[in-house]
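For the sequence shown, the UniProt record's numbering assigns the number 371 to the last residue and increments by one with no breaks.
First up is the structure itself, then whatever we jot down about it.
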Amino acid sequence: MKILIATPIFPPDIGGPATYSKILADELPKRGVDVDILSYGFISPGAPKIFRYLFYFLKIFKRALDADLLYAQDPVFGLAPCVASLILRKPFVLKVVGDYAWEQGVNRFGVKELLDEFLNTPYGWRIEFLRFVEKFVANRAHAVITPSQYLKSVVEKWGVGPEKIHVIYNSVSVSEISESKEGLKRELDLGGKILVSIGRLVPWKGFEMLIELMPEISKKYPDAQLLIIGSGPELEKLNAKRSTLNANVKFLGSLPHEWVLKYLKAADIFLLNTGYEGFSHQILEAMAVGVPVISTHSGGNREILKDRQNCLVAGYNEKEAWIGAIFEFLEDQNLYSNILQNSKIDSARFSGQNMIEETLKVLNEVNAKTD
């Protein structure tokens, strides 16, 4: 079987679809599956969007001719493979890791609501058009894969029958890093207490509040610094916030995955102040490399995180709760050690082999039914 994977992003870009697509590209060929990857992110980045998407569709169509099955990693960027599959009468599977209409609404069209409220609220024609595309693509897929029960409930609200939706948890796959935390700090020229946050620089990831915490944290730990890994539309705004507060914050931009893991393992705490999360690769990676996590229970996070067992949970943008949790980790060594031990054990549940085998089972079933 040959699969064409259509994804909006691919490494070195940071994000769930990029990480997941890379895992499939590495692992499926070991199981006898030919994989072809096409990332929208690599197609004429400077071109106008309409021409860029047209070129993307033509590339998808051409490469779909030689594929047995098309597997899209996003419902809006999945429109091209969806249409190609209809024309060519080939099976089509969709993975949903978020709501693109909501993300664009927040980034471009003034939407203030988080996803749960957004799903039940009408908006202007631009957002409603994106919603239409998402629902069209999801309902025409032969199967939909989501990485959490939470996202399954979102897709059901798009009118997709629950019997067509398969929940397959993402895996954590981290290469062995032999260096110690202190050794990595020396290699990376880091000193003091290191807080790391990773993700696209978008409003719902809550980076602004993390920057606002640093002056207060610095009063008690003058050498503490926050490292933010990732890129996105909020960079200029966040940089201005850092300058205004004179906060000890560094923006590292997008990094190769091996360097992300090095900075992550060098950290004393991983922070993810998110108002929405489908299912976080970064949380699993932090647990796997031995870094304690502070995050929210937003979206699919509650399917991973157990407060005071494998993490500390703080409310989205609740500054006092976050400051308290950070200080608690830095000052209570017993809590720190217990949570590290538990999170390592829990991260092992999300094995790459389980995810690959369950995904391959769905792809094989769809391919067999549509032969």
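Cβ atoms here follow ideal geometry from the backbone N, Cα and C, with glycine treated the same way.
{"Asked": "Assign W102 to buried or exposed, taking buried as 16 or more other Cβ atoms, counted over all protein chains shown, within 10 Å of its Cβ.", "Found": "buried"}
{"Asked": "Report buried or exposed for G296, applying the criterion of at least 16 other Cβ atoms within 10 angstroms of its Cβ.", "Found": "Note on identity: in this sequence residue 296 is Thr, with Gly being the wrong assignment. Flag for T296 reads buried."}
{"Asked": "What's the C-alpha gap between I3 and S243?", "Found": "47 Å"}
{"Asked": "Helix or strand or just coil, what does DSSP make of G191?", "Found": "coil"}
{"Asked": "Apply the 10 Å Cβ neighbour rule to R131 and answer buried if 16 or more other Cβ atoms are within range, or exposed otherwise.", "Found": "buried"}
{"Asked": "Relative to the C-alpha of G290, which residue among I198, G192 and V174 is closest?", "Found": "V174"}
{"Asked": "So what does DSSP say about S295, is it helix, strand or coil?", "Found": "strand"}
{"Asked": "Per DSSP, what are the beta-bridge partners of I165 in this structure?", "Found": "V144"}
{"Asked": "Using a Cβ-Cβ distance cut-off of 8 Å, determine whether E113 contacts chain D.", "Found": "Chain labels in this structure do not include chain D; a single protein chain is all it has."}
{"Asked": "Please name the residue in V137, K62 and D66 whose C-alpha comes closest to that of L94.", "Found": "V137"}
{"Asked": "Out of curiosity, what's the CA-to-CA distance linking L86 and T146?", "Found": "22 Å"}
{"Asked": "Rounded to the nearest angstrom, how far is the Cβ of L226 from that of V249, given a contact under 8 Å?", "Found": "5 Å"}
{"Asked": "List, from N- to C-terminal side, the alpha helix (DSSP H) runs of 4 residues or more that fit wholly inside the segment 209–248.", "Found": "235–245"}
{"Asked": "According to the Cβ coordinates, are E216 and I50 closer than 8 Å?", "Found": "no"}
{"Asked": "Using only alpha-carbon positions, find the residue among D268, G78, E285 and K361 that is nearest to G192.", "Found": "D268"}
{"Asked": "I'd like the list of long-range same chain contacts for Q309, defined as Cβ closer than 6 Å, with 5 residues on each side in sequence excluded.", "Found": "N342"}
{"Asked": "Between the Cα of M214 and the Cα atoms of L188, K241, D189 and G199, which residue gives the shortest distance?", "Found": "K241"}
{"Asked": "Taking just the CA atoms, how far does T359 sit from G32?", "Found": "14 Å"}
{"Asked": "Touch check for the segment 273–291 and the segment 343–351: three-plus C-beta pairs under 8 Å?", "Found": "yes"}
{"Asked": "Do E163 and V76 have their C-beta atoms closer together than 8 Å?", "Found": "no"}
{"Asked": "Between the alpha carbons of R89 and A80, how many angstroms are there, rounded?", "Found": "14 Å"}
{"Asked": "I'd like the list of long-range same chain contacts for S218, defined as Cβ closer than 7 Å, with 5 residues on each side in sequence excluded.", "Found": "A224 and N248"}
{"Asked": "Give me the Cα-Cα distance between M287 and F329, rounded to the nearest whole angstrom.", "Found": "15 Å"}
{"Asked": "Pull up the distance between the alpha-carbon of V144 and that of D99, whole angstroms please.", "Found": "14 Å"}
{"Asked": "Within the segment 43–128, note down every full beta strand (DSSP E) run reaching 3 residues or more, in order along the chain.", "Found": "69–72 and 92–95"}
{"Asked": "Tell me the rounded alpha-carbon separation between residue 397 and K181.", "Found": "Lying before the first or after the last residue shown, residue 397 is absent from the chain, which here runs from 1 to 371."}
{"Asked": "How would you call D189, buried or exposed, if buried means at least 16 neighbouring beta carbons within 10 angstroms?", "Found": "exposed"}
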